[in-house]
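Asks:
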Amino acid sequence: MQKQSHVLKRGSVIAAASALALVLSSCSSATAPADGSDDAAAGSRVVSFVAAQMTATYFQVMQCGAQAAADEYNVDLDWQGDADWDVATQTPLINAAVQSQPGGMVLVPTDPVGLIETVGNIVADGIPVITVDGSLNEPVEAQNIRTDNISAGALAADALARSIGETGTVLVIASFPGVAANAERVDGFTERMAEAYPDVTVLPTEYSEADQSKASQIAAAAITSPDLVGIYTTLAPASSGAAAAIQAANKTGEVKLVAYDADPSQVEDLKNGVYEALVAQDPYGLGYDSVARIARIIDGDLDSGDLEYQEYVTAYIIDADNVDSDETQRYIYNPTC
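Residue numbers (mature numbering (1 follows the signal peptide of the UniProt record, and there is no 0)): -30 to -1, 1 to 307.
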């Protein structure tokens, strides 16, 4: 993947994720005072990045992008996070990062409500914050950058509808109720189905709580119905769980699966007919651009108040027709950097 050296534009095609060029570094720390303004921690050149689900390829690729920006802008990246998607275990990591008084912070919020006060307090202490991937229900941070999940959900609906001949019953497996970004992935899908494919019945959404095993159980129960012809999953653990259930039931190709994310293993399963299509995001670009912007704030080249609060990037559909194309290779989540 080629390194992005400019700011993401709304509606832009997602950046490359397979030919990553820079080496992942270890965490570092520094201290600086905070007085409530963007230059409060000007003495600190540390960007704290608190992610989630650290074992997921998606976030490993995000770290590659974050490190690339840190190297280019000469800041130290303090990258950390939890193995789970859990605000209870993420919050102590956020608090610990704040104690080091970084020059700025990037956060993947695991709870859209539970972290509002925490982030608001960080900003009030003079540490600029950008959230990526997930979002908060109140705009207390400087900026939120994430996939345009409404349009991505619609792309997934088109792909699944085509694969089932635009008729039949399908199931959606999402993460948690109330998570805005994931809810948009569901809404974009269901709205597109209702609008364009009246002969497709969408069952009530099931929630996996970002747990692969639970998603597998949900899918295994659903595919016992002869009416079910398709499944749409909105996050990688649910995608892997549904794929495993379909394969275990010997229904590969019979129950069509369209899923978020594009891990190399998912791409291989797509080639083998387990998936009909994958909704690829831009974890590298999210990591790169968020750290680059915080670095510019630290350097005084950018005022956080000048940032447009909400920025979206579009998704890219990978299917059997384009999986081997040169263009598609840039969108596969390859964490070798």
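Using N, Cα and C, we set each Cβ at its ideal position, and we do this for glycine too. The structure presented is a predicted model; accordingly, all values stated were derived computationally and were not measured.
Just verifying my parser: in three-state terms, what is the DSSP assignment at residue 344?
Replies: Residue coverage of the chain in this structure runs from -30 to 307, which leaves residue 344 outside it and unanswerable.
Asks: Note the first and the last residue of the continuous alpha helix (DSSP H) segment covering L240.
Replies: L240 -> alpha helix (DSSP H) spans P234 to K241.
Asks: Using the DSSP secondary-structure output, state which residues sit across from Y167 in a beta bridge.
Replies: Looking at the DSSP assignment, Y167 forms no beta bridge with any residue, so it has no partner.
Asks: Identify whether V45 lies in helix, strand or coil by the three-state DSSP scheme.
Replies: If DSSP states are grouped into helix, strand and coil, V45 belongs with coil.
Asks: Report the three-state DSSP secondary structure of M24 (helix, strand or coil).
Replies: M24 falls in the coil class under three-state DSSP.
Asks: Could you check whether L227 and V244 sit closer than 8 Å to each other, using their CB atoms as the reference points?
Replies: Yes, the Cβ-Cβ distance between V244 and L227 is below 8 Å.
Asks: Please say whether G211 and residue 324 have beta carbons closer to each other than 8 Å?
Replies: In the structure as shown, the chain begins at -30 and stops at 307. Residue 324 is therefore absent and cannot be evaluated.
Asks: Can you tell me whether DSSP reads S183 as helix, strand or coil?
Replies: Helix at S183.
Asks: Which residue marks the beginning of the alpha helix (DSSP H) containing A144, and which one marks its end?
Replies: Element bounds for A144: not the alpha helix (DSSP H) but the beta strand (DSSP E), G138 to A144.
Asks: Let me check understanding here. Comparing Cα to Cα, which of P174, N114 and S178 lies closest to L141?
Replies: Among P174, N114 and S178, the Cα nearest to that of L141 is on P174.
Asks: On the criterion of 16 or more Cβ atoms from any shown chain inside 10 Å, does G270 qualify as buried, or is it exposed?
Replies: It is exposed - the Cβ of G270 has fewer than 16 other Cβ atoms within 10 Å.
Asks: Grouping DSSP H, G and I as helix and E and B as strand, with all else coil, what is N304?
Replies: N304 falls in the coil class under three-state DSSP.
Asks: How would you label D294, buried or exposed, when you count the other beta carbons within 10 angstroms and need 16 or more for buried?
Replies: Exposed is the call here.
Asks: Determine, using beta carbons only, whether G200 and G138 come nearer to each other than 8 Å.
Replies: Against a cut-off of 8 Å, the Cβ pair of G138 and G200 comes out as a contact.
Asks: Does D276 pass the burial test, meaning 16 or more other C-beta atoms within 10 Å, or should it be called exposed?
Replies: Per the 10 Å Cβ criterion, exposed.
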